[in-house]
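Q: In case it helps, the working numbering puts the sequence shown at residues 41 to 387.
Beta carbons are placed, not taken as given, at the ideal position from N, Cα and C, and that holds for glycine.
To start, I am sharing the structure in question, which I have written as structure tokens.
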Amino acid sequence: MARARRVATAAPHPDPGCIWGPHGPGRRPGACRALRGSLSHPTQGHAAARVGANAPAWGRAGACPWQLARHGRGECCRLHAPRHRLCRSGRGTAPPMSRIDILMYHSISRAGGPTSIAPEIFRAQMEAIEASGLPVIGLDALAAARQGGPALPERALILTFDDGFADFAATAWPEIARRGWPVTVYLPTGFIGGVEGWRGIASPPRPLMGWDEIAALAREGVDFGGHSVSHPDLDALAPQALEAELAGCRDEIAARTGKPPAHFAPPYGSAGPAVRAAVARHYATSCSTRLGQAGAQDDLHDLPRLEMFYFTDPARWRAHLAGRGGAYLARRRVLRRIRGLVLKPWG
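Next comes the structure, spelled out in structure tokens:
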């Protein structure tokens, strides 16, 4: 391993915009200051992870989490523009901040393009999670941790399914239930018992679960969240129509399952500041389609997820679970941004 380079102590930190701030008085040479802001690390695809003073369960001030998580005591990676440098860190007293993979699925079938994953691939993904030993938690645990509840594991996964397709009950749930894992399924209530009828549908359209089946799954422990009533682009709606989509979806799920939904996912991942504020009035969390791992800096109503179509290759998925997926995620994010710019004029 390359020897760590010491950071000079006579001068301020070389990067005034450094995420760690200047080295304060009384600190040993190169020591990282208390975590109050954002964290970037090259092994995580430069994804930021911010520790707020009111987020004790996601990591506490006092140590560089990567010191313990990646390089062992006494050495940590920092990102300095325009290149990476190594610095010496003081003794860590805090555990690494939690990194949560919120997995995004839609249909478990052989139809529907990138929003469908073949049953055998899904089964292999679940087996890989089980073999990794990583815990699978629910969105309730994530929300509770951010409110001062029990701390989250250093690394964990959350399972989510958009749209409530019928193949969830037939194919996905048996794999999840036998492992005792929690899961959240987001429902567009206006389509329950019918077929998909929104932009980008498969041909032929895929069927959704019915309310009787949903109620039975709720009794078995499946958590159902909101996905609007009519699956619109929420950013395009007037305030009154937006409120009808959010409240109508919530009330229907509560009436049908006996449990008000606590979690939401906006259709198409479309949720600007006004939509997120409206969602927050009805739901504890909201998951976007933004690609990445969730960290302490993430707005509970704009949580990133991992699109599992990107991990249909077994070796790539195992590498990600082993902590070697940062570079791949970074490349995928760049490609998604480029694709968004190219397609923007047409839609």
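(1) At a cut of 8 Å, does the stretch 328-341 reach the stretch 298-313 through at least three beta carbon pairs?
(2) Please return the same chain residues whose Cβ sits closer than 7 Å to the Cβ of alanine 334, not counting the five positions on each side in sequence.
(3) According to DSSP, simplified to helix, strand and coil, what is alanine 109?
(4) What's the gap between the Cα of arginine 316 and the Cα of threonine 155?
(5) Under 7 Å between C-beta atoms, does aspartate 252 make it to chain C?
(6) Apply the 10 Å Cβ neighbour rule to proline 272 and answer buried if 16 or more other Cβ atoms are within range, or exposed otherwise.
(7) What residue range does the alpha helix (DSSP H) around threonine 297 cover?
(8) Taking all protein chains shown into account, do 16 or more other C-beta atoms lie within 10 angstroms of the C-beta of alanine 181, making it buried, or fewer, making it exposed?
(9) Specify, as a first and last residue, the run of the alpha helix (DSSP H) that isoleucine 216 falls within.
(10) Considering just the uninterrupted stretch of the alpha helix (DSSP H) at alanine 210, what are its terminal residues?
(11) Rounded to whole angstroms, how far is the Cβ of leucine 227 from the Cβ of glycine 261, which I believe are closer than 8 Å?
(12) Using a threshold of 7 Å, state whether the C-beta atoms of glycine 178 and proline 222 are closer than that.
(13) For glycine 312, does the count of other Cβ atoms within 10 angstroms reach 16, so buried, or fall short, so exposed?
(14) If contact is defined by three or more beta carbon pairs under 8 Å, each pair taking one atom from either stretch, is the stretch 276-284 in contact with the stretch 250-258?
(15) Are the CB atoms of alanine 206 and methionine 249 nearer to each other than 7 Å?
(16) What residue range does the alpha helix (DSSP H) around alanine 196 cover?
(17) Please report how far the alpha carbon of arginine 76 lies from the alpha carbon of arginine 186, in whole angstroms.
(18) On the DSSP bridge assignment, give the partners of tyrosine 226 in chain order.
(19) Pull up the distance between the alpha-carbon of phenylalanine 162 and that of leucine 257, whole angstroms please.
(20) Quick check on the DSSP output: what are the complete alpha helix (DSSP H) runs of length 4 or more inside the stretch 135-202, in order along the chain?
(21) Excluding the five sequence neighbours on either side, which residues of its own chain have a C-beta within less than 6 Å of the C-beta of arginine 131, listed in chain order?
(22) Rank Asp275, Glu347, Thr229 and Pro247 by C-alpha distance to the C-alpha of arginine 376 and give the top, closest one.
(23) Which value, in whole angstroms, describes the spacing of the CA atoms of glutamate 160 and proline 301?
(24) Give every residue of the same chain whose Cβ lies closer than 6 Å to the Cβ of proline 245, excluding the five residues on either side of it in the sequence, and list them in chain order.
(25) With a 10 Å radius around its C-beta and 16 neighbouring C-beta atoms as the bar for buried, classify valine 269 as buried or exposed.
(26) In angstroms with no decimal places, state the Cα-to-Cα distance between arginine 371 and tyrosine 350.
(27) Does serine 243 pass the burial test, meaning 16 or more other C-beta atoms within 10 Å, or should it be called exposed?
(28) For glutamate 347, does the three-state DSSP call read helix, strand or coil?
(29) Between arginine 123 and the rest of its own chain, which residues show a CB-CB distance below 7 Å, the 5 nearest in sequence each way excluded?
(30) For leucine 369 and leucine 361, what's the separation of their Cα atoms in angstroms?
(31) According to the neighbour-count rule (16 or more other Cβ atoms, all chains shown, within 10 Å of its Cβ), is valine 374 buried or exposed?
(32) In whole angstroms, what separates the C-alpha of proline 354 from that of alanine 151?
(33) Can you tell me which residues form a DSSP beta bridge with threonine 325?
A: This is what the structure gives:
(1) They touch, by the three-pair rule.
(2) Mapped onto the sequence shown, residue 334 falls at position 294. Contacts found: Ile140, Ile142, Leu343 and Pro344.
(3) Here residue 109 refers to the residue found at position 69 when the sequence shown is read from its first residue. For alanine 109, the predicted model reports a pLDDT of 35, less than 50, meaning its position is unreliable and no value from the coordinates is stated.
(4) Counting from one through the sequence shown, the residue named residue 316 turns up at place 276. Counting from one through the sequence shown, the residue named residue 155 turns up at place 115. If you take the alpha carbons of arginine 316 and threonine 155, they lie about 24 Å apart.
(5) Of the protein chains in this structure there is only one, and it is not chain C.
(6) Residue mapping note: residue 272 aligns to position 232 of the sequence shown, counting from 1. It counts as buried.
(7) Looking up residue 297 in the sequence shown gives position 257. Per DSSP, threonine 297 belongs to the alpha helix (DSSP H) from 279-297.
(8) As a position in the sequence shown, residue 181 is number 141, starting the count at 1. Buried, because 16 or more other Cβ atoms sit within 10 Å of the Cβ of alanine 181.
(9) What you label residue 216 is simply residue 176 of the sequence shown in a count that begins at 1. Where isoleucine 216 is concerned, the enclosing alpha helix (DSSP H) stretches over 213-217.
(10) For the purposes of this step, residue 210 is taken as the residue at position 170 of the sequence shown. Going by DSSP, alanine 210 is part of no alpha helix (DSSP H) at all; its letter is neither H nor E.
(11) If you number the sequence shown from 1, residue 227 lands on position 187. If you number the sequence shown from 1, residue 261 lands on position 221. 16 Å between Cβ atoms; not a contact.
(12) The residue given as residue 178 occupies position 138 in the sequence shown. The residue given as residue 222 occupies position 182 in the sequence shown. Their beta carbons are under 7 Å apart, which means glycine 178 touches proline 222 by this criterion.
(13) The residue given as residue 312 occupies position 272 in the sequence shown. Around the beta carbon of glycine 312, fewer than 16 other beta carbons sit within 10 angstroms, so the residue counts as exposed.
(14) No, because fewer than three Cβ pairs between the stretch 250-258 and the stretch 276-284 fall closer than 8 Å, the two stretches do not touch.
(15) Position 166 of the sequence shown, counted from the first residue, corresponds to residue 206. Position 209 of the sequence shown, counted from the first residue, corresponds to residue 249. Yes, the pair counts as a contact, with Cβ atoms nearer than the cut-off.
(16) Here residue 196 refers to the residue found at position 156 of the sequence shown. Here alanine 196 belongs to no alpha helix (DSSP H); instead the beta strand (DSSP E) covers 195-202.
(17) Here residue 76 refers to the residue found at position 36 of the sequence shown. Here residue 186 refers to the residue found at position 146 of the sequence shown. Low confidence applies to arginine 76: its pLDDT is 32, below 50, so where it sits in the model is not reliable, and the reading given next is rough at best. Approximately 16 Å, taken between the alpha carbons.
(18) In the sequence shown, the residue the question calls residue 226 occupies position 186. Paired residue(s): Asp202 and Gly265.
(19) The residue given as residue 162 occupies position 122 in the sequence shown. The residue given as residue 257 occupies position 217 in the sequence shown. The alpha-carbon atoms of phenylalanine 162 and leucine 257 are separated by roughly 19 Å.
(20) 159-172 and 179-186
(21) The residue labelled residue 131 in the question sits at position 91 within the sequence shown. Only weak support is given to the placement of arginine 131: the predicted model assigns it a pLDDT of 35, under 50, and the question is left unresolved by the model.
(22) The residue labelled residue 376 in the question sits at position 336 within the sequence shown. Selected option, being the one with the closest Cα: Glu347.
(23) Start at 1 with the first residue of the sequence shown, and residue 160 comes out as number 120. Start at 1 with the first residue of the sequence shown, and residue 301 comes out as number 261. In a straight line, the C-alpha of glutamate 160 is about 30 Å away from that of proline 301.
(24) Taking the first residue of the sequence shown as position 1, residue 245 is located at position 205. So the list reads Val235 and Glu236, once near-sequence residues are dropped.
(25) Along the sequence shown, read from residue 1 onward, the residue named residue 269 stands at position 229. Classification for valine 269: buried.
(26) Position 331 of the sequence shown, counted from the first residue, corresponds to residue 371. Position 310 of the sequence shown, counted from the first residue, corresponds to residue 350. Going from the Cα of arginine 371 to the Cα of tyrosine 350 covers about 11 Å.
(27) Mapped onto the sequence shown, residue 243 falls at position 203. It is exposed - the Cβ of serine 243 has fewer than 16 other Cβ atoms within 10 Å.
(28) Locating residue 347 in the sequence shown gives position 307, counting from the first residue. The answer is strand: DSSP assigns glutamate 347 an E or B state.
(29) In the sequence shown, counting from the first residue as 1, residue 123 sits at position 83. With a pLDDT of 32 at arginine 123, under the threshold of 50, the modelled position of this residue cannot be trusted, and the question is left open.
(30) Residue mapping note: residue 369 aligns to position 329 of the sequence shown, counting from 1. Residue mapping note: residue 361 aligns to position 321 of the sequence shown, counting from 1. Each residue's alpha carbon lies about 12 Å from the other.
(31) Numbered from 1 along the sequence shown, position 334 holds the residue referred to as residue 374. Per the 10 Å Cβ criterion, exposed.
(32) Stepping through the sequence shown from its first residue, residue 354 is reached at position 314. Stepping through the sequence shown from its first residue, residue 151 is reached at position 111. Looking at the two C-alpha atoms, the distance is approximately 20 Å.
(33) Stepping through the sequence shown from its first residue, residue 325 is reached at position 285. Looking at the DSSP assignment, threonine 325 forms a beta bridge with His303.
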